[in-house]
Amino acid sequence: MKGLVYTGDKAELVDGLDVRAPGPTEVKVQIVAAGLCHSDLSVIDGTIPWPAPAVLGHEGAGIVAEVGEAVTNVKPGDHVVLHTLAYCGTCRYCITGKPYYCRSSMGNRTQPFTLNGEPAWNFAAASFFTEYSVVEGKQCVKIPDDVPLESAALVGCGVLTGAGAVWNRAKLERGQTAVVFGVGGVGLNAIQAARIAGASRVIAVDTIPEKELWAREFGASDFVLAGPGVDTVAAVRGLLPFSDDAVTGPFEAGGADWVFDCVGAPATIRQGVDMLDWGGTVVIVGVPAPTAEFTARVTHMTHVERGVIGCRAGSHRPHHDVALIIDMYRRGVFKLDELVTAKYPIEEWQTAVHDLHEGKLARGVLTLS
Ligand SMILES: [Zn+2]
Ligand SMILES: [Zn+2]
Numbered sequence: 035m036k037g038l039v040y041t042g043d044k045a046e047l048v049d050g051l052d053v054r055a056p057g058p059t060e061v062k063v064q065i066v067a068a069g070l071c072h073s074d075l076s077v078i079d080g081t082i083p084w085p086a087p088a089v090l091g092h093e094g095a096g097i098v099a100e101v102g103e104a105v106t107n108v109k110p111g112d113h114v115v116l117h118t119l120a121y122c123g124t125c126r127y128c129i130t131g132k133p134y135y136c137r138s139s140m141g142n143r144t145q146p147f148t149l150n151g152e153p154a155w156n157f158a159a160a161s162f163f164t165e166y167s168v169v170e171g172k173q174c175v176k177i178p179d180d181v182p183l184e185s186a187a188l189v190g191c192g193v194l195t196g197a198g199a200v201w202n203r204a205k206l207e208r209g210q211t212a213v214v215f216g217v218g219g220v221g222l223n224a225i226q227a228a229r230i231a232g233a234s235r236v237i238a239v240d241t242i243p244e245k246e247l248w249a250r251e252f253g254a255s256d257f258v259l260a261g262p263g264v265d266t267v268a269a270v271r272g273l274l275p276f277s278d279d280a281v282t283g284p285f286e287a288g289g290a291d292w293v294f295d296c297v298g299a300p301a302t303i304r305q306g307v308d309m310l311d312w313g314g315t316v317v318i319v320g321v322p323a324p325t326a327e328f329t330a331r332v333t334h335m336t337h338v339e340r341g342v343i344g345c346r347a348g349s350h351r352p353h354h355d356v357a358l359i360i361d362m363y364r365r366g367v368f369k370l371d372e373l374v375t376a377k378y379p380i381e382e383w384q385t386a387v388h389d390l391h392e393g394k395l396a397r398g399v400l401t402l403s
């Protein structure tokens, strides 16, 4: 079968892949659509170190083809959203509702594939840029047949990551203010989740002017165009002043309750810290290089309880959050179709990568069949 493979220094569309049969707890899924996420590109450019050859893609949806004898949650023919959290289900984190802390959900690299007869790695316990993949049964969430798989494909990474950062990690309260850095496949979901949660202001920040339209469509109340010569912190603080008379109050009061950094760069994290109100928190959502560091003024944080926290893929509980998002989508509350800017047959993956780099995509979806 065909698939997009990381070869060690680049990605290549190959036609010599095979995948083994599912084990007792596993499911073989026919992949119909898979979103192109920045993390796939980060493997290709070395930001995320990964062994080669590996089958890329980690945000997908498809149709169950075959199930292991111990799998009870799905059956052949079911439409499913796939997610990357291959948690164990029995450890103290799993049974207390924090599967994203499950030790077996991180870095579990296996070789379910062969490429021209030689073992090939999966990526992020997923690998959806190919015709069939094998995942744990727990990684499949059944969805109604009427949900387009091209839209559902985005839920497993970009949607959960953005929306979960707001709902699960921040637990944003009605009336609070939010700033979202990066208006892409993750940031747009942070924006719409903040709107749904009742944020009083949602300020989107991006370097591409055309993104203002998307940001506002998804619920942003304001847009700040960042770039050379622009003081982003001052621009945001101007929108969230301390009082009618003063932009900034004691100990830099005024500013945002929450900043969701979907860029994940040291510069945006620092800007996020500098624009926080008392008690405000930066949630780091985007993934930088493993060696990235940032600095911040400590007393700016200690004296009035500002903070910085990380968030792993939206701190999600897949069988709760995927089902919730799909239900909200079917009731017209949560936007998914609008996230899909373009669909590409997998043969045109290079065009999709180009368009993503150019900032033309909220999400590009590769179709397999
Ligand atoms: Zn991703
Ligand atoms: Zn576990």
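In case it helps, my numbering puts the sequence shown at residues 35 to 403. Beta carbons are placed, not taken as given, at the ideal position from N, Cα and C, and that holds for glycine. These numbers come from a predicted model, not from an experiment.
| request: Pick out the complete beta strand (DSSP E) segments inside the segment 223–288, 3 residues or longer, and give them in chain order. | output: The segment 223–288 contains these whole beta strand (DSSP E) runs: 235–240 and 256–259.
| task | Look at H334 and V317 and say whether their C-beta atoms are less than 8 Å apart. | result | Not a contact, by the Cβ cut-off of 8 Å.
| Hey, quick one: how far does the alpha helix (DSSP H) through G196 stretch, first residue to last? | Note, G196: alpha helix (DSSP H), L194 to G198.
| C-alpha gap between C128 and I359, whole angstroms | Their Cα atoms are separated by approximately 21 Å.
| Own chain, CB closer than 7 Å to V396, minus 5 neighbours either side, in chain order | Note that residue 396 is Ala in the sequence shown, not Val. These residues qualify, in order along the chain: G218, G219, L222, W248, L373 and T375.
| query | Do Q210 and A233 come within 8 Å of each other at the CB atom, strictly closer than that value? | reply | A contact, by the Cβ cut-off of 8 Å.
| Say the cut is 7 Å; is the CB of C125 nearer than that to a heavy atom of ligand 2? | Correct: C125 has its Cβ closer than 7 Å to ligand 2.
| task | Would you mind reading off the limits of the beta strand (DSSP E) that contains W312? | result | Its beta strand (DSSP E) spans residues L310 to I318.
| said: Taking the alpha helix (DSSP H) that V297 belongs to, which residues open and close that run? | reply: Segment: none, V297 is in no alpha helix (DSSP H) and carries neither H nor E.
| task | Classify F277 as buried or exposed, calling it buried when 16 or more other Cβ atoms lie within 10 Å of its own Cβ. | result | Inspection of the sequence shows that residue 277 is occupied by Ser rather than by Phe. That one is exposed.
| query | Is the Cβ-Cβ distance between L188 and E93 less than 8 Å? | reply | In this structure, L188 sits near E93, with a CB-CB distance shorter than 8 Å.
| task | Please indicate yes or no: does the CB of C71 lie closer than 7 Å to some heavy atom of ligand 1? | result | Checking the Cβ of C71 against ligand 1 gives yes.
| Which residue spans inside the segment 331–358 form an unbroken alpha helix (DSSP H) run of at least 4? | You should have 332–336.
| said: Please determine whether the Cβ atom of Y121 lies at a distance below 7 Å from any heavy atom of ligand 2. | reply: Yes, Cβ of Y121 sits closer than 7 Å to a heavy atom of ligand 2.
| request: Could you tell me if the beta carbon of S403 falls within a distance shorter than 7 Å of some heavy atom in ligand 2? | output: With a cutoff of 7 Å, S403 does not count as near ligand 2, since its C-beta is closer than that to no heavy atom of the ligand.
| Contact set for A158: own chain, Cβ-Cβ below 8 Å, skip 5 residues either direction | Only residues of its own chain outside the window of five on either side were considered, and among them S73, H92 and T118 have a CB closer than 8 Å to the CB of A158, listed in chain order.
| said: Please tell me whether V236 and S255 are closer than 8 Å, where the distance is taken between their beta carbons. | reply: Yes.
| query | What number of angstroms, rounded off, separates the C-alpha of A104 from the C-alpha of F328? | reply | The alpha-carbon atoms of A104 and F328 are separated by roughly 46 Å.
| query | DSSP state of V175, grouped into three classes? | reply | Strand, per DSSP.
| Can you give the Cα-Cα distance for G96 and I65, rounded to whole angstroms? | The alpha-carbon of G96 is positioned some 4 Å away from that of I65.
| Using 8 Å as the Cβ pair cut-off and three pairs as the minimum, do the segment 145–155 and the segment 182–200 touch? | Here the segment 145–155 does not lie against the segment 182–200, with fewer than 3 beta-carbon pairs under 8 Å apart.
| DSSP puts G96 in a beta bridge; with which residues? | In the DSSP output, where bridge partners are listed per residue, G96 has I65 and V114.
| request: Decide if the segment 167–183 is in contact with the segment 107–116; the criterion is three or more beta carbon pairs, one per stretch, under 8 Å apart. | output: The answer is yes - the segment 107–116 touches the segment 167–183, with three or more Cβ pairs under 8 Å.
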